[in-house]
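Everything below concerns the one structure shown next.
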Amino acid sequence: MNSITQNPSTQSNDAEEDPLLKASMATLNLYKIRDTFYPQNPDDKISKLQQDSQYCLNLLDSIPPEFRKSAIQRATYEHLKGKVLDVFPDYRKEAEDHLSKAVKLNPSLTDAWLSLGNCFWKKGELVSAKNCFDRALSKGPDKNVLCQLSMLERKMAQDSDNKAELVDESIRHAKEAITLDVADGNSWSSTLIVKLFVTPVFGLPDNLGNACLTSFFASGAWDYSKLCQSLKAYQNAEKDEMMKGNPDLYFNCATVNKYLENYDKALNGFEAACKIDPALNASGEIQKMVGLLDKLESLLKRHIKAKRLASLVSSLVPVEVNLSYKKATIDLLFEGLNKSTAVTGKVLFFVKHNNVAPLYYVACDSNQMCFVLSVYGIQDYVIREGDQITLLEPWYKNVNFSWKGKQYSFKSIRADFKEQVMVNGKALSANQAISTSFYAQHKPT
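Residue numbering for the sequence shown follows the UniProt record's numbering, starting at 1 and increasing by one per position.
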């Protein structure tokens, strides 16, 4: 029996007679606290986990010898003790030792293999962790194991030469988890990303949304559709009532909206995450985003002498593009993707900011209309102030929203692929592209 996965509500009477079952229910409650308790002071969470884990250990130590006679009973005891010790974010050798004994005594304990894999992950032994997850899945499909394996593969992709293959495997395993329980928000969230770290955070509901977002960056494809897939997966995760109070889900969804340049939704999402769990540093993301928006507004409003602007525009030279493209200015663009359209302009300012991507510029078109340009997937030296740019099939957005009483309003063009950008009449080469190392914050849970 894989006791740790049983439903406590059906066991209250039996637990009075079976001390192992009572300890199992206490361990389930301990992990519920780990995954749902977000105090203002993060130290309070650690204190609570220490208090409740000690209660679980006392329960286990008080179990009479007659309930630890058989191999199955001893395996369950070792499993529970190791799992309790592993509830903290740091590696505990004692937890590994107990879990190792559990799987030797009863190799069919799926959750013990899962917990042992998490131990190895925290220890930095990723291959051993993967072996444990694979052993767990050899007992049969399990959504929790699939989610952890999906996260681990994204972690392993960071330092691998076959990043794309590992990320694809991550997405495949995340989707398998969803097929086992389509209503599970954790699996949907896991399919998709968070933070720019790769060491293993406990309690992170990371899967299809995280996998798709990681794929957006790790593959170097910079495909807008991957962001949309990621957002859809997070939205599906939100339908699960158990996920409504999860700060990581809000944070991750806000991150996707940031790269979709849905600035108002991103700010609201980060604010929601911050209210639930200040330790996520969502407030720092808000500060960075507001700082960027303020800088963009300032540069757009900066007074540029009409004579200089006219001189810059007059220096634009004809650029040879496919005959199927029609030339346009920004006022003629539609919201979204403008197929078979080319916009030519001049770069006025390069905008320095603290995010990993994209590159931001303030530019003007041939009608001297200024706009914000965001470019993904190229080196930061490729486009310079004063360069002539030609944007093919631009994605246009009219940004207009208010935040904390301040109104932000500007026109924006994004380019996701280097093939969409020509600089001084020339297409970009492969060595001018970049693949950003941006991954969800993966820690074993």
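Even for Gly, the Cβ is constructed at its ideal location relative to N, Cα and C.
All of these numbers come straight from a predicted model, not from anything done at the bench.
As assigned by DSSP and simplified to three states, the class of residue i
i, result
"Thr390", "strand"
"Leu60", "helix"
"Leu373", "strand"
"Ser128", "helix"
"Lys69", "coil"
"Gln350", "According to the sequence as given, residue 350 is Phe; it is not Gln. Three-state DSSP puts Phe350 in a strand."
"Tyr234", "helix"
"Val84", "helix"
"Lys139", "coil"
"Gly284", "helix"
"Tyr360", "strand"
"Lys406", "strand"
"Leu316", "coil"
"Asn118", "helix"
"Tyr38", "coil"
"Thr191", "Its pLDDT being 45, under 50, Thr191 is placed unreliably in this model, and the coordinates cannot settle the point."
"Ala221", "Note that Ala221 scores 44 on pLDDT, short of 50, meaning its location in the model is unreliable; the coordinates nonetheless yield the value given after this. Residue state, collapsed to three classes: coil."
"Tyr31", "helix"
"Pro278", "helix"
"Lys244", "coil"
"Lys155", "helix"
"Glu17", "helix"
"Arg308", "helix"
"Pro91", "Note that residue 91 is Tyr in the sequence shown, not Pro. Here Tyr91 sits in coil by DSSP."
"Asn322", "coil"
Residue closest to residue i, alpha-carbon to alpha-carbon, out of the options
i, options, result
"Arg135", "Thr36, Lys163, Met156, Asn106", "Asn106"
"Gln407", "Asp277, Val372, Cys370, Tyr263", "Tyr263"
"Asn322", "Asp240, Gln420, Gln379", "Gln420"
"Lys143", "Ser160, Leu292, Ala177, Gly345", "Ala177"
"Val167", "Ser160, Asp159, Arg154, Val103", "Arg154"
"Ser402", "Asp35, Lys265, Lys239, Thr390", "Lys265"
"Phe120", "Asn367, Met422, Phe133, Leu20", "Phe133"
"Lys101", "Arg74, Leu152, Asn118", "Arg74"
"Lys288", "Ser62, Lys45, Lys258", "Lys258"
"residue 448", "Val84, Ser62, Ala23", "A question about residue 448 goes unanswered here, because the residues of the chain that appear run from 1 up to 445."
"Ile389", "Tyr381, Ser324, Gly425", "Gly425"
"Cys56", "Glu78, Gln40, Glu66, Lys69", "Glu78"
"Asp35", "Asn131, Glu385, Val87", "Val87"
"Asn29", "Val423, Val127, Thr329, Asp52", "Asp52"
"Ile171", "Lys122, Asn118, Leu137, Ala233", "Ala233"
"Ala433", "Ile378, Asp387, Ala427", "Ile378"
"Asp18", "Leu99, Ala157, Asp43, Pro65", "Pro65"
"Ala23", "Arg302, Arg68, Ile46", "Arg68"
"residue 448", "Cys370, Phe270, Ala310", "This structure does not reach residue 448, given that the chain is present from 1 up to 445, and the question cannot be answered."
"Thr179", "Leu146, Asp387, Asn162", "Leu146"
"Leu109", "His98, Lys81, Thr76", "Thr76"
"Ser429", "Tyr360, Tyr381, Asn400, Leu280", "Tyr381"
Beta-bridge partners of residue i, as assigned by DSSP
i, result
"Asp365", "Gly345"
"residue 450", "Limits of the chain in this structure are 1 at one end and 445 at the other, which puts residue 450 out of reach."
"residue 491", "Residue 491 lies beyond the range of the chain shown here (1 to 445); nothing can be said about it."
"Ala433", "Ile378"
"Met422", "Thr390, Ala427"
"Lys327", "Ala342"
Presumed contact (8 Å Cβ cut-off) between residue i and residue j, rounded CB distance
i, j, result
"Ala174", "Ser150", "4 Å"
"Val256", "Leu293", "With a Cβ gap of about 18 Å, Val256 and Leu293 do not count as contacting."
"Tyr376", "Ala363", "About 16 Å; that fails the 8 Å criterion."
"Val372", "Ser412", "4 Å"
"Tyr396", "Glu297", "That pair is no contact at about 19 Å."
"Leu49", "Ile33", "7 Å"
"Lys130", "Leu152", "6 Å"
"Glu261", "Arg414", "6 Å"
Cβ pair count under 8 Å reaching 3, the region 309 to 317 against the region 327 to 341: no
Validate contact between the region 316 to 330 and the region 347 to 355 using beta carbons, cut 8 Å, 3 pairs: no
At least three beta-carbon pairs within less than 8 Å, the region 275 to 291 to the region 241 to 250: yes
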